[in-house]
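Chemist: Protein chains in written order, with my numbering: chain A, 39 to 241; chain B, 39 to 241; chain C, 39 to 241; chain D, 39 to 241.
Backbone N, C-alpha and C define an ideal beta-carbon position, used for all residues, glycine too.
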DNA sequence: TATGAATGAGGTTTCATTCAT
DNA sequence: GATGAATGAAACCTCATTCAT
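1) Can you tell me whether residue 54 (chain A) is buried or exposed, with buried defined as 16 or more other CB within 10 angstroms of its CB?
2) Taking Cβ positions only, does residue 233 (chain D) come closer than 9 Å to chain C?
3) Assuming residue 134 (chain D) and residue 222 (chain D) form a contact by the criterion Cβ under 8 Å, report the distance between their Cβ atoms to the nearest whole angstrom.
4) Within this structure, are the beta carbons of residue 178 (chain B) and residue 126 (chain B) separated by less than 9 Å?
5) Under 9 Å between C-beta atoms, does residue 121 (chain A) make it to chain B?
6) Tell me, to the nearest whole angstrom, how far the beta carbon of residue 107 (chain B) is from that of residue 136 (chain B); I am working on the premise that it is less than 8 Å.
7) Between which residues of its own chain and residue 148 (chain B) is the CB-CB distance below 7 Å, once the five residues before and five after are set aside?
8) When you compare the CB of residue 187 (chain D) with every CB in chain C, is at least one pair closer than 9 Å?
9) Relative to the C-alpha of residue 142 (chain A), which residue among A:103, A:116, A:123 is closest?
10) Beta carbons nearer than 8 Å to chain D: which residues of the stretch 63-90 of chain C have them?
11) Would residue 153 (chain B) pass as a contact of residue 69 (chain A) if the rule is Cβ separation under 9 Å?
12) What does the alpha-carbon distance come out to for the pair residue 112 (chain D) and residue 132 (chain D)?
13) Rounded to whole angstroms, how far is the Cβ of residue 191 (chain A) from the Cβ of residue 182 (chain A), which I believe are closer than 8 Å?
14) Considering just the uninterrupted stretch of the alpha helix (DSSP H) at residue 52 (chain D), what are its terminal residues?
15) To be precise: take each residue of the stretch 94-125 of chain A, compare its Cβ to all Cβ atoms of chain B, and keep it if any distance is under 7 Å. Which residues remain?
16) Let me know the secondary structure DSSP gives residue 83 (chain B) once reduced to three states.
17) For residue 165 (chain C), does the count of other Cβ atoms within 10 angstroms reach 16, so buried, or fall short, so exposed?
18) Alpha carbon to alpha carbon, how far is residue 83 (chain B) from residue 187 (chain A)? Give it in angstroms, no decimals.
19) Candidates B:128, B:123, B:105: which alpha carbon is nearest residue 114 (chain B)'s?
20) Using only the alpha-carbon positions, how far apart do residue 168 (chain C) and residue 155 (chain C) sit?
21) Considering only their Cβ atoms, is the gap separating residue 229 (chain A) from residue 233 (chain B) smaller than 9 Å?
22) Taking its Cβ as the centre, do 16 or more other Cβ atoms sit within 10 Å of residue 122 (chain A), making it buried, or is it exposed?
23) What is the rounded straight-line gap between the Cα of residue 73 (chain C) and the Cα of residue 79 (chain C)?
24) Applying the criterion that 16 or more other CB atoms from any shown protein chain within 10 Å of the CB defines a buried residue, is residue 67 (chain D) buried or exposed?
25) Opposite residue 235 (chain C) in the DSSP bridges: which residues?
26) What residue does the alpha helix (DSSP H) around residue 99 (chain B) start on, and which one ends it?
27) Could you tell me whether the Cβ atoms of residue 245 (chain C) and residue 226 (chain D) are closer together than 9 Å?
28) With burial defined as no fewer than 16 other Cβ atoms inside 10 Å of the residue's Cβ, what is the status of residue 197 (chain D): buried or exposed?
29) Buried or exposed: residue 52 (chain D), going by 16 or more other Cβ atoms within 10 Å of its Cβ?
30) Decide if residue 45 (chain C) is buried, meaning its Cβ has at least 16 other Cβ atoms within 10 Å, or exposed.
31) When you compare only the Cα positions, how much space is there between residue 50 (chain C) and residue 60 (chain C)?
32) I need the DSSP call for residue 217 (chain A), collapsed to helix, strand or coil.
33) Along chain B, which residues have their Cβ under 9 Å away from the Cβ of residue 202 (chain A)?
34) By Cβ distance, which residues of its chain are closer than 6 Å to residue 58 (chain D), with the 5 residues on each side in sequence left out?
35) Would you tell me roughly how many angstroms separate the C-alpha atoms of residue 145 (chain B) and residue 63 (chain A), rounded to the nearest one?
36) Select from D:77, D:130, D:201 the residue whose C-alpha is nearest the C-alpha of residue 220 (chain D).
Quick look at the structure:
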């Protein structure tokens, strides 16, 4: 009947993490003060430390939760045994799916990963980064090999192009509106795979 | 006109700005302390204030120098009266050209513009952003109109796609190696315009 | 008289005090957090406040229980009407006896008394300190007067020497091993009274 | 002519260390706030960090300076090739000499060493402690061997007795008054070596 | 009796900035 | 031009304590 002002129990922690993630994404990790997070959560700065060890550990939980989900999805895709073009499409789609669940985390990842990865605690960011590279590179190579992708592609450059192209979307994808992750993914995939130009009449 | 005495001073100033830009790009604006900049320049933190009013004004100079050069280039492109596809290619090329000259500035722009633009002093960032949007949107629309670009494009989405796609490159473009800005630009243009997939045999 | 219900409560209280005393002794009063005490007692920090008013009141109870017992013993010794050397020996023995019962309290006393005594609530620490001084000084003076102690002793210096010599032992007296308080006391008394050197053959 | 309010240059650092040492000794390391030190030095808390990395590093410098001087003195004593009783007397004298120079450091050492030594940075405290033990133990053993010290001594207990007996003096030795370190040392040595009692008539 | 959650004061530290020299 | 020393605001974090449940 009554809407509780503050969700009790384990939910509170998740709520606070969501708040923190929003603020980190909006202002950047460094520019975010724990007071800002606390304000937004309706408590005092010190009170956050009942739930978390440190500001850093909040970022840690946010990022690792995202990466765990993401890699679960990627693993499923890898195990599906699809051809390169379909794998490509499915990886993009999965990325957008996770972006929908973890939007602020993706923004944080995009903006802060490089800096954070320098710390031992965030070692897994660098690891994940490397696994990314391998996964996409492998997919691109398979595609070139079987003729799905252009043979003249510079694979490392293309990899970065695709990677950034996908994640950068998180920054400005405020309202997904009515479009599902799959629809958005399709738009992206189409642009990346087939280009935005019409096919030249003669080539 | 200007007393020659000022020349060495001006040189030092440019040197310091370059140092500051490197550090800002590497560590992020917030995470950069004036002491770090000073250390790298071989002086004490306080001494920087002989040359600059504030940390903010360093970022200001760096960003506005970059944007001034960039818009000079874009203006030339606009005045060249090219078709949409050629304009597109030329804008990308010009962007990469400026990226080569102002790499750290581009990284800073990419990462901090949104936050900085909130301040009155950095108003011009928001202005520039808007002019960007208009310029690219106009180009894309012209291309759709004359059949150069696909008719089903979602112009706002495509604009963001192209914009991010280009600038994000600055983050990892450490050494250009032997490739010139034009070559890199061509690679990018080709990917964005024609896609990375081979064209289906029958369409 | 007392409702039996209170007995288990009282037992718990004593247990908690013992835990607190251990931690205070180990880490120091300031460095001890109520959370550490609570952890060691298997409860949450807040729960301690059901049993005690404050951290300070725990220290208070610990110290006053010790001093009460100690002065009971000293009083018995004083009333025994012994000679100075025997009184000396008996005071040291009694001190070690109480140290055996209240070891952590003695460590706390040793390390924190000076600071705590500044507060009104711990006034009794300063009082006890003064009674100490009087008791030992009187004993030493009696001994000098009747020839038991060397006539050239600097009484105030000797008093401090003896006092510290006895209490400081509490710090490292972890396990008493098989030795009783009396045995240890005897060793101490012997060292203090007769010195550690052999007596010169001719004097 | 004019007394400068604040000593400039390298002297300032030493001054601040002396101030910090006084406060640490008076209030204890934990109970001392950097604000208290700064107040006493006539500056703001943050200003201390221009001179020192942290509160901890102040304690570190204070303690290591003391121990360095102390061990220099002990080394000289060891190299003098004295007999056990003379070595004993000389070690005590050297200890009092350093106590006169580093009184607050000794108090800090006495009260905080155990706790601090747990940290890697203060490893040298534990090392020094161990060297202490060896040095005194060796001296006592030599004395027992050559008949200078009583044969029935429990060496480990005696070692602790002597050690504490000497250092604890630092706590209450406020004004040395007119007595030199040697004079005080002699009083101590006499008490410890020969005891405070007169020689029993018959034994 | 105890928990879970929060408060609020205060602690250490960082850092842009100032200024006399 | 640059240094050395300091300021002051604000950051992260700790902790004794409270209180509804």
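Modeler: Straight from the coordinates:
1) So residue 54 (chain A) ends up on the buried side.
2) Cβ-Cβ to chain C under 9 Å: yes for residue 233 (chain D).
3) By a beta-carbon distance limit of 8 Å, residue 134 (chain D) contacts residue 222 (chain D). Their separation comes to about 5 Å.
4) Yes, they are a contact pair.
5) Not a single CB atom of chain B sits nearer than 9 Å to the CB of residue 121 (chain A).
6) Separation of the CB atoms of residue 107 (chain B) and residue 136 (chain B) is rounded to 6 Å, and the pair is thereby assigned contact status at 8 Å.
7) Take residue 148 (chain B), set aside five residues on each side of it, and the residues of its chain with a beta-carbon closer than 7 Å to its own are 205, 206, 208, 209, in chain order.
8) So yes, residue 187 (chain D) belongs to the interface.
9) Selected option, being the one with the closest Cα: A:103.
10) Here the close residues are 65, 66, 68, 69.
11) In this structure, residue 69 (chain A) lies closer than 9 Å to residue 153 (chain B) by Cβ.
12) So the alpha carbons of these two residues sit roughly 7 Å apart.
13) Going by Cβ atoms, the distance from residue 191 (chain A) to residue 182 (chain A) rounds to 6 Å, so yes, they are a contact pair.
14) If you look at residue 52 (chain D), you'll find it in the alpha helix (DSSP H) that goes 48-65.
15) Taking 7 Å as the Cβ-Cβ cut-off against chain B, the residues of the stretch 94-125 of chain A that qualify are 123.
16) If DSSP states are grouped into helix, strand and coil, residue 83 (chain B) belongs with the helices.
17) Classification of residue 165 (chain C): exposed, given that the 10 Å Cβ count is below 16.
18) When only Cα atoms are considered, residue 187 (chain A) and residue 83 (chain B) end up about 53 Å apart.
19) The candidate whose alpha carbon is nearest that of residue 114 (chain B) is B:128.
20) Rounded to the nearest whole angstrom, the C-alpha separation of residue 168 (chain C) and residue 155 (chain C) is 12 Å.
21) Yes.
22) Burial call: buried.
23) The alpha-carbon separation between residue 73 (chain C) and residue 79 (chain C) amounts to approximately 10 Å.
24) Buried is the call here.
25) Answer is D:187, bridged to residue 235 (chain C).
26) Boundaries of the alpha helix (DSSP H) around residue 99 (chain B): 93-117.
27) No information on residue 245 (chain C) is available, as it lies outside the stretch 39 to 241 that chain C covers here.
28) Its Cβ being crowded by 16 or more others within 10 Å, residue 197 (chain D) is buried.
29) Classification of residue 52 (chain D): exposed, given that the 10 Å Cβ count is below 16.
30) Note that residue 45 (chain C) has pLDDT 45, beneath the 50 cutoff, so the model's placement of it is unreliable and the number below is only indicative. Here residue 45 (chain C) is exposed, its C-beta having fewer than 16 other C-beta atoms within 10 Å.
31) Residue 60 (chain C) has its alpha-carbon roughly 15 Å from the corresponding atom of residue 50 (chain C).
32) Reduced to three states, the DSSP call for residue 217 (chain A) is coil.
33) Simply 202, 203, 206, 207, 209, 210.
34) Taken in chain order, the residues that qualify are 75, 96.
35) Per the coordinates, the alpha-carbon of residue 145 (chain B) lies some 18 Å from the alpha-carbon of residue 63 (chain A).
36) Cα-wise, what sits closest to residue 220 (chain D) is D:130.
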